[in-house]
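Since the structure comes first, as structure tokens, the remarks are kept for the end.
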Amino acid sequence: MSADLSLTEQMQNGMESCAVKTIMSGVAGAGMGALFGLFMSSMRYDNPISATGQEIAKLPLRQQLRSGFKEMGRASYSSGKNFGLIGAVFSGTECCIEGLRAKNDLYNGVAAGCITGGALAAKAGPQATAVGCAGFAAFSAAIDYYMKMPPDETKNPVI
Numbered sequence: 003m004s005a006d007l008s009l010t011e012q013m014q015n016g017m018e019s020c021a022v023k024t025i026m027s028g029v030a031g032a033g034m035g036a037l038f039g040l041f042m043s044s045m046r047y048d049n050p051i052s053a054t055g056q057e058i059a060k061l062p063l064r065q066q067l068r069s070g071f072k073e074m075g076r077a078s079y080s081s082g083k084n085f086g087l088i089g090a091v092f093s094g095t096e097c098c099i100e101g102l103r104a105k106n107d108l109y110n111g112v113a114a115g116c117i118t119g120g121a122l123a124a125k126a127g128p129q130a131t132a133v134g135c136a137g138f139a140a141f142s143a144a145i146d147y148y149m150k151m152p153p154d155e156t157k158n159p160v161i
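Each position in the sequence shown, counted from 1, maps to that position plus 2 in our numbering.
Listed below in structure tokens is the structure:
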């Protein structure tokens with residue numbers, strides 16, 4: 003029984019490490035982003051001209067399907083890569099800040115959001131970095147505030 007307990011404790015400690023949280027967030031973000039990209043690409047029909055210069059509607063069905071599936075794959079990969087990067091950077095940053103501050107509060111997410119948004123927008127210049135920082139921090143604050151709100155007792159009465 004003690005060997006099982008130590009294994010359980012080891013699993014819990016592993017799940018609480020910043021490296022594991024970062025990897026898990028990156029993988030989950032990539033998966034969700036890939037599904038999102040697949041869905042959004044399947045809804046898009048904004049380019050009636052194929053790569054060969056012909057209208058897609060005039061191509062044979064097999065080529066239409068091939069073109070559609072290639073576009074869906076590209077969009078899925080692109081969204082998955084971006085969501086995975088955002089999830090990994092944000093989660094890793096938040097975990098490191100939480101470890102340094104030794105607190106679990108709203109400010110960790112806001113600071114991690116600012117760092118993540120600024121870092122992802124840094125290539126576009128200082129103004130974009132500031133806007134990315136502010137936007138991601140505000141979004142992070144709103145989500146954290148909503149998620150950490152106490153439940154409304156009137157909506158979920160205990161019977």
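For every residue, glycine included, the Cβ atom is placed at its ideal position computed from N, Cα and C.
All values reported here derive from a predicted model rather than from experimental measurement.
Look at the beta carbons and you see the stretch 98-111 not touching the stretch 122-135: under three pairs across the two are nearer than 8 Å. For L40, the CB contacts under 6 Å within the same chain, skipping 5 residues up- and downstream, are M74, S78 in chain order. Around I99, the same chain offers N110, A113, A114 as residues with beta carbons nearer than 6 Å, after the five sequence neighbours per side are excluded.
Exclusion of the five residues before and after T95 leaves A114, I117, T118 as the residues of its chain whose Cβ lies within less than 7 Å of its Cβ. When the Cα atoms are used, I25 and E11 turn out to be separated by approximately 20 Å. For the alpha helix (DSSP H) assignment, the uninterrupted runs of no fewer than 4 residues enclosed by the stretch 96-127 are, from N- to C-terminal side, 108-123. A residue is called buried once 16 or more other Cβ atoms fall within 10 Å of its Cβ, and I88 is buried on that count.
Taking C-beta separations shorter than 6 Å and ignoring five residues to either side along the sequence, the partners of Q66 in its chain run I58, following chain order. Beta-bridge annotation (DSSP): E11 is not paired with any residue. Separation of K83 and L108 (C-alpha to C-alpha, rounded to the nearest whole angstrom) is 27 Å. Pairing L122 with S81, the inter-Cα distance amounts to about 15 Å. Secondary structure note for K23: its alpha helix (DSSP H) is the uninterrupted segment 20-45. Contact between F92 and A32 does not hold, since the beta-carbon distance rounds to 13 Å and is not under 8 Å.
Taking every protein chain shown into account, the CB of G127 has fewer than 16 other CB atoms within 10 angstroms, so this residue is exposed.
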